[in-house]
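Line order of the protein sequences matches chains A and B.
All residue numbers for the first sequence refer to my numbering, where the first residue is 1 and numbers rise by one.
All residue numbers for the second sequence refer to my numbering, where the first residue is 362 and numbers rise by one.
For reference, the structure discussed in these notes is given below.
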Amino acid sequence: MAVLRAAALAEGAARVSGLPQCAPDEDRFTLLVAAAELALGEDPVAAAAPLESLTVWTEAAPELAEQLQTALGLGRLPARSVGGDPARFADMLADPSTPPGLHLAVDAGPGSAARAIALWVGTGGSGGIEVAGVDGEPVDPAGTVAQSPVSLTRELVGSANGDGLRSVQIPGTRVGLRAKRLGPFPGEESWNPASASPAHLANPQAAGGEVDLGTVSEGAYLPLATYLEDLPSRWRFEAERCAACNGLSFPARGRCKRCGRLDGLSRERLGRDGGTVEAVTTVRPGAQPSEFDFQVQRSGAYDVVLARLHPDVRVTLQVTDATAGSARIGMTVNTRLRRLYPMEGAWRYGRKALLRLETAR
Amino acid sequence: MPSEQAAIVGAGQTRFGALREGPRALLREAVDAAFASVDRGIDRREVEEAYLGTLGFNGWQIGNASAVLAEEARLEGAPVTRVENACASAGFALRAGIQAIESGQRSAVLVVGLEKMTDAPSRRRRYWLGVSGDTEWERLAGLTFAGVYGLLASRHMHEYGTSPEALAEVAVKNHAHALLNPKAQFRKAITREEVLSSPRVADPLGLLDCCPVTDGAAALLLTSTSRARRCTDTPVLVVGSGAASDSLAVQDRASLTSLAATRRAAEEAFRRSPWDRARLSFAELHDCFTIAELLAIEDLGLAPPGGAAAMTLAHETALGGRLPVNPDGGLKAKGHPIGATGASQACEVFLQLRGQAEKRQIPAAARALTHNVGGSGASATVTLFEAS
């Protein structure tokens, strides 16, 4: 049997300005990153040390797996997309010889919210969910039926958190799965409807494709090559520590900002959550750079903050999933990877801030 | 000490506003006005070198604009160099002109600033309005300059208790000054209530906290002081010049309530000057947003940190006050044609220090300062002038 040592859910869309809306800055890539960050915790690279592979359960183009490696800092793991067949996904879970790995899946259909899951499949440990395959006749003919890796996982987690031992049937197969909760596991709180994001609607853009990516933005031109140069800092808040003067440079650009040295720099990841707001503005419609017109047409004004991530590092962050005007100096922010705008035929991504409203003074 | 001292012997500018004239006509008008203002005249063939400050807004002649100035000013082959430091382009062009004279290499130099901003659709203008900010971090977070200065204003309010009323008073005062300036874009008085209730742009800044989009050009004729006496009995002497740089993005700066480039530029300028701040008759400051004038007053040492608001609310910076700031209306109300602003500030100094500023004349004006900022403080110049 396999054990899900971590299991997290990220759902698309949020309420903006009190009205249910699609979040225009989310898509399946950002949802997958959010789920994986919930499952792997503050330091995904360290957490993923025992893992042997990264598997994306979607028909997506191969670049999605590659983007996920970059966003999570898991370049060392072999990554592949294997399609979204729930039976194959169930076989993987039921197979006791499945090697330790990170499994990501997303579904976003018309009429339902975009949802992504991240599963850390491994053996051993004390907490998690134990999953066992059940062959033969369906064990619970009245039980639930799962159509995709995401819905299958939801059912498993729901079963495990209920009476502790139920089964999920896979359509078109005679295979079922039984789940049993062994104890608390990373990502557990994300399955709790009370702590999940507010009521959401389908995001037609979430599954991709609705915006003409061929349109070159009329905004300030940021060539793809230049944007890609800073990705580890942009997506993972990687800074550089200088061995000679102990200075911390962000973004990491291959030279110590304090003493100018080019050698002896080591990568150091800044905490992606817990920054403190030092300055705030609300950008009203019309005052946004024109490349954000697409977003502003859908969700209106937004806040931008300067947040201190570290005694030596401040970063400029747009606030998301909040009514404009909510940000205050002194608040604590968490960050998530979100979609920014299309340019040169591709979406640009960067981290945005989520306000921890309880930290308002 | 420099081997020579520079002086302004002629200065002229176009009206500022949404103008019908294109870039060539604006250049011609400003340069002709500068030559016409030289009391005993100066031949165009005597101009040995010229500097043009312009951003090339909307993409106008984004390369090689210098050649257009050479043509329109009829410089007959004198070298022209284009200087681009965003909103401080002309401030740095002026500095280049001053240095050419102080070094002894040139004895007559033309400095021009130009921007034509209103000749493109608004979407394209919004694109250009942000091109001088940090595109890789600030702009990717959804900021234009209004947003960046909104952040700075929020922090100044937080640390010093600066009130929205103090910000509004900067706009009210500069509009009142512009009423007296026939070249100004906005010749309309506004009230504090109108500023406070104007549509929000980037909180805490509203529409009336922001400078407008403006067309205009300004030109200055600089000579060595020895040569200046041949042109006029009343040249305006350059007694100090300073400039400095800082990081492009605000996130990388130590302070959010002070522009280090302004402080360093002022230190350099005053180090050489025969007099200090207390003796200034007035100042032309870079008020692209209301908060920027308060930051400038403090960074230049004209008020202690956090003290600019009280000084403004007490009308000390208004015409008739202890230290008038922006008697021409400033960027806020005279207008801000990006590349022209630094030269236009010196035009106002030329008029004031020669007693030619008409209704807005500051009595016995003798010593003045101009301050020009690039972007949100990535660069700044400070220049000190004295009546002869």
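Ideal Cβ positions, reconstructed from N, Cα and C, are used throughout, including at glycine.
Contacts between residue 292 of chain A and chain B, judged by CB atoms closer than 8 Å, involve 503 in chain order. Within chain A, the residues whose beta carbon sits less than 8 Å from that of residue 617 of chain B are 278, 279, 306, listed in sequence order. Between residue 593 of chain B and residue 710 of chain B, the alpha-carbon positions lie close to 16 Å from each other. A straight line joining the alpha-carbon of residue 562 of chain B with that of residue 505 of chain B spans about 11 Å. Its chain contains 477, 478, 480, 481, 485, 486, 489 as the residues whose beta carbon lies nearer than 8 Å to that of residue 419 of chain B, once the 5 sequence neighbours on both sides are disregarded; these appear in chain order.
Collapsing the DSSP output to three states places residue 342 of chain A in a strand. With contact defined as three or more Cβ pairs closer than 8 Å, the region 731–748 of chain B and the region 665–681 of chain B are not in contact. In this structure, the beta-carbon distance from residue 6 of chain A to residue 93 of chain A does not fall below 8 Å. Classified as exposed, residue 226 of chain A has fewer than 16 neighbouring CB atoms from the shown chains inside 10 Å of its CB. In the structure shown, residue 349 of chain A falls within a strand segment according to DSSP collapsed to helix, strand and coil.
In terms of beta-carbon proximity, residue 532 of chain B stays away from the interface with chain A, with every pair separated by 8 Å or more.
Under the Cβ distance rule, residue 317 of chain A counts among the residues neighbouring chain B, one pair being separated by less than 8 Å.
Of all C-beta pairs linking the region 409–428 of chain B to the region 508–516 of chain B, fewer than three are shorter than 8 Å, placing the two stretches out of contact. Taking 7 Å as the upper bound on Cβ-Cβ separation, chain A lies near residues 563, 564 of the region 563–581 of chain B. In this model, residue 59 of chain A and residue 82 of chain A are separated by some 7 Å (Cα to Cα). With a threshold of 16 other beta carbon atoms within 10 Å, residue 151 of chain A meets it and is buried. For residue 248 of chain A against residue 168 of chain A, the beta-carbon gap comes to about 48 Å, at or over 8 Å, which does not count as contact.
Straight across, the Cα-Cα distance linking residue 729 of chain B with residue 239 of chain A is about 45 Å. Every beta strand (DSSP E) stretch that sits fully inside the region 598–685 of chain B and reaches 3 residues is listed by chain position as 643–645. In terms of beta-carbon proximity, residue 289 of chain A lines the interface with chain B, with at least one pair separated by less than 8 Å. Taking C-beta separations shorter than 8 Å and ignoring five residues to either side along the sequence, the partners of residue 445 of chain B in its chain run 414, 415, 416, 417, 700, following chain order.
Cα atoms of residue 613 of chain B and residue 499 of chain B: separation of roughly 11 Å, rounded to the nearest angstrom.
Just measuring C-alpha positions, the residue of B:576, B:575, B:555 sitting nearest residue 566 of chain B is B:555. Our two residues, residue 133 of chain A and residue 177 of chain A, have alpha carbons roughly 5 Å apart in a direct line. Residues of the same chain with a CB within less than 7 Å of the CB of residue 683 of chain B, apart from the 5 flanking positions on each side, are 677 in chain order.
If you draw a straight line from the Cα of residue 475 of chain B to the Cα of residue 384 of chain B, it is about 7 Å long. Contact of residue 612 of chain B with chain A is assigned, a C-beta pair being separated by under 8 Å. Between residue 106 of chain A and residue 4 of chain A, the CB-CB gap reaches or exceeds 8 Å. For residue 412 of chain B, the beta-bridge partners assigned by DSSP are B:442, B:472.
Listed in chain order, the positions of the region 633–660 of chain B with a beta carbon within less than 8 Å of a beta carbon of chain A would be empty, since no residue qualifies. Interface flag for residue 333 of chain A against chain B is unset, since no Cβ pair is found closer than 8 Å. Taken in chain order, the members of the region 251–281 of chain A whose beta-carbon sits within less than 9 Å of a beta-carbon on chain B are 251, 257, 278, 279, 280, 281. Between residue 692 of chain B and residue 653 of chain B, the alpha-carbon positions lie close to 10 Å from each other.
Under a criterion of Cβ atoms nearer than 7 Å, the residues of chain B adjacent to residue 230 of chain A are, in order, 497. For residue 123 of chain A, the closest of A:294, A:51, A:272, A:189 by C-alpha to C-alpha distance is A:51.
For residue 369 of chain B, the enclosing beta strand (DSSP E) has its first and last residue at 367–374.
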